[in-house]
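Going from the sequence shown to this note's numbering is simple: count from 1 and add 280.
Structure first, then comments.
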Amino acid sequence: MIPSSFPDYMSEVIRGRPPDPPGLKLKKEGLRAKHPVVFVPGIVTGGLELWEGHQCADKLFRKRLWGGTFGKLYKSPLCWMEHMSLDNETGLDPIGIRVRPVTGLVAADYFALGYFVWAVLIANLAQIGYEEKTMYMASYDWRLSFQNTEVRDQTMSRIKSNIELMVSTNGGNKAVIVPHSMGVVYFLHFMKWVETPAPMGGGGGPDWCARHIKAVMNIAGPLLGVPKAISGLFSEEAKDVAVVRAIAPGVLDKDLFRIQTLQHIMKMTRTWDSTMSMIPKGGTTIWGGLDWSPEEGYVPNTRKKISTFDDIDDHTKDQNTKSKTNHVHYGRIISFGKDITRAHSSQIQRIDFRGSIKGNNIANNGCGDVWTEYHDMGFSGINAVAEYKAYTAGDIVDLLNYVAPKMMARGSAHFSYGIASNLDDPKYAHYKYWSNPLETKLPNATDMEIFSMYGVGIPTERAYVYRQSPYAECYIPFQIDTSASEEDGDMCLRDGVFTVDGMKLCLF
């Protein structure tokens, strides 16, 4: 009988001894735990459990609805979506439903079976002496707007108290904060909240961060937003979803769970105000316009920049400094039609959708509970969106206000997407600006260090080619055009999505 350790033995013989994990290396070098560590998970990676629900969920008390095996989703998808949704008016709990974040390190060590989030980092820190009293998972309900996590759960007050306790019980050594993804933006909001006097803020005083935080180690932080958030809010798609729908259209209509899957998901996720925190910030100044983008001026396979601009607000006046090659127009985050992605702005006939009459709603009795704000748009409103042809970051907020006014009314009360001309203006004391680094000041902590870490070489969604969807009951009227790809095999446009990878950008 072959011993169970034989495969590992053979692997070691063939490949050699595996390298020591980082934690063990640091232990051998004599490093030991010093600064307490606080993890701040991002969107969707923190577990959520049921504390109160409707009859269909009467056996799920304190069972995970998010994270883990997701078995509840497959057994009863409509019940699951009902309990994962928030109130469409308040952005808080629906009547009779309480879903709360899982607490402790187990809240986000694993997202699902075999898919670790923080588990490996926790295990490596344990090698040098860290344990529960020196590590803290700042879990929060990632569906809520940031300020509402404090309103409903007093989450930021708990984070403040835990950091204070960890610092005081660890010899006064300041904490190191490790936020990931949306957690980076959430913690930016927290740092402003903790310094602000009550009742809007935590009342910690202007030097709280200076006294309690050694460093902030941001991992993959969407500080200026991400284009992927737009495709999610606009059509409930990302590249992978669009490809699945193109290959097997029925799978995401009525074949999966026997419901209109994307429509139900859109109805649910549009109640999650946190998603609006990742809408691109800074407009065309940061993300580019119809005929330029920050990526232009680079040549493929090199980091060398071949053109610069003295004034970031005045790119369009410096057309002569650009490369003669026709670059992808990454500034057009949404284009209706592949031809629009190539055309110069002077060749695009755009009809402004703002103020267009939407017409009668297109919902019907067959929609049942599948109701998104698209059903309040008539065909004239849908056509008006498509006739605008190309949307830059400067148009996106107006577009979402047009197609989802109720959702954006909640979002605009909690988030902002502009650039401050004068940060001393009293209006920027409001919490809606605290998660936008372009409209808020860093903490009053000159010794606090901030690191921003990102992966490289991974294709990242940057812009999308859209088309109108064929009419159907309760349909989402727009979808990524998966037929749009580059005939020459260029990897930058595939299945209606333009990607960048941090190393190489595309040229037509």
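Glycine included, C-beta positions come from ideal geometry on N, C-alpha and C.
If I'm right that residue i touches residue j with Cβ under 8 Å, what's the distance once you round it to whole angstroms?
| i | j | result |
| --- | --- | --- |
| Ala-743 | Phe-778 | 4 Å |
| Ser-554 | Trp-422 | 6 Å |
| Thr-435 | Tyr-420 | 5 Å |
| Ser-696 | Tyr-713 | 5 Å |
| Gly-326 | Val-382 | 7 Å |
| Leu-703 | Leu-513 | Not really, about 28 Å apart at Cβ, beyond 8 Å. |
| His-469 | Ser-715 | 4 Å |
| Glu-329 | Arg-380 | 6 Å |
| Ile-628 | Ser-660 | Contact doesn't hold; Cβ gap of about 21 Å is too wide. |
| Ile-793 | Ser-511 | Here the chain comprises residues numbered 281 to 788, so residue 793 is not present and cannot be evaluated. |
Helix or strand or just coil, what does DSSP make of residue i?
| i | result |
| --- | --- |
| Ala-455 | strand |
| Ser-696 | coil |
| Gln-427 | helix |
| Glu-329 | strand |
| Gln-629 | coil |
| His-544 | helix |
| Leu-311 | coil |
| Met-471 | helix |
| Phe-800 | In the structure as shown, the chain begins at 281 and stops at 788. Residue 800 is therefore absent and cannot be evaluated. |
| Pro-381 | strand |
| Leu-366 | coil |
| Met-728 | coil |
| Phe-350 | coil |
| Met-417 | strand |
| Ala-526 | Any reading at Ala-526 needs caution, since the residue's pLDDT is 46, under 50, leaving its predicted position unreliable; the model's value is listed next. The answer is helix: DSSP assigns Ala-526 an H, G or I state. |
| Tyr-466 | helix |
| Ala-490 | helix |
| His-460 | strand |
Just reading off the alpha helix (DSSP H) that residue i is part of, what are its end residues?
| i | result |
| --- | --- |
| Pro-685 | 685 to 692 |
| Lys-792 | Because the chain here runs from 281 to 788, residue 792 falls outside it and cannot be looked at. |
| Ala-743 | Unbroken run through Ala-743 is the beta strand (DSSP E), 740 to 748; no alpha helix (DSSP H). |
| Met-436 | 435 to 448 |
| Ile-510 | 507 to 515 |
| Val-608 | Careful: Val-608 lies outside any alpha helix (DSSP H) and carries neither H nor E. |
| Thr-863 | Limits of the chain in this structure are 281 at one end and 788 at the other, which puts residue 863 out of reach. |
| Phe-319 | It is not in any alpha helix (DSSP H) - Phe-319 instead sits in the beta strand (DSSP E) that spans 317 to 320. |
| Asn-404 | 399 to 407 |
| Ala-664 | 659 to 667 |
Under 6 Å Cβ to Cβ from residue i, same chain only, skipping five residues before and after it: list those, please.
| i | result |
| --- | --- |
| Asp-373 | none |
| Val-400 | none |
| Glu-516 | Leu-542, Ile-545 and Met-546 |
| Val-496 | Ile-457 and Ile-730 |
| Arg-774 | Ser-765 |
| Tyr-390 | Phe-396 and Ala-399 |
| Met-558 | Pro-502, Gly-505, Val-506 and Ala-509 |
| Val-386 | none |
How would you label residue i, buried or exposed, when you count the other beta carbons within 10 angstroms and need 16 or more for buried?
| i | result |
| --- | --- |
| Pro-757 | buried |
| His-334 | exposed |
| Gly-451 | exposed |
| Lys-413 | exposed |
| Val-736 | exposed |
| His-492 | buried |
| Ala-455 | buried |
| Glu-576 | buried |
| Thr-551 | buried |
| Cys-754 | buried |
| Lys-222 | Outside the shown range of the chain (281 to 788) lies residue 222, about which nothing can therefore be said. |
| Pro-393 | One point to set straight first is that residue 393 is Leu, not Pro, in the sequence displayed. When all chains shown are included, Leu-393 counts as exposed. |
| Pro-299 | exposed |
| Gly-568 | buried |
| Leu-570 | buried |
| Phe-467 | buried |
| Arg-622 | exposed |
| Tyr-734 | exposed |
With a CB to CB cut of under 7 Å and the five nearest residues on each side skipped, what residues in its chain are close to residue i?
| i | result |
| --- | --- |
| Asp-678 | Arg-634 |
| Met-361 | His-544 and Met-548 |
| Tyr-708 | Ala-700, Glu-719 and Thr-720 |
| Lys-686 | Asn-368 and Glu-653 |
| Gly-484 | Lys-440, Val-474 and Glu-475 |
| Phe-350 | Ala-392 |
| Gly-384 | Met-417 |
| Ala-528 | Here the model assigns Ala-528 a pLDDT of 42, short of 50, so the residue's position is not dependable and the matter cannot be decided. |
Less than 8 Å between C-beta atoms, sequence neighbours within five positions excluded: which residues of the same chain meet that for residue i?
| i | result |
| --- | --- |
| Asn-442 | Val-318, Tyr-416 and Ala-418 |
| Asn-428 | Gly-371, Leu-372, Asp-553 and His-694 |
| Met-446 | Pro-316, Val-318, Lys-413, Thr-414, Tyr-416 and Ala-455 |
| Leu-366 | Leu-372, Asp-373, Pro-374, Arg-423, Leu-424, Thr-551, Trp-552 and Asp-553 |
Just curious, the beta strand (DSSP E) that residue i is in, first and last residue?
| i | result |
| --- | --- |
| Ala-392 | 390 to 392 |
| Val-622 | A small correction: the amino acid at residue 622 is Arg; Val does not occupy that position in the sequence shown. No beta strand (DSSP E) contains Arg-622, which is instead part of the alpha helix (DSSP H) from 618 to 622. |
| Gln-759 | 758 to 760 |
| Val-780 | 777 to 780 |
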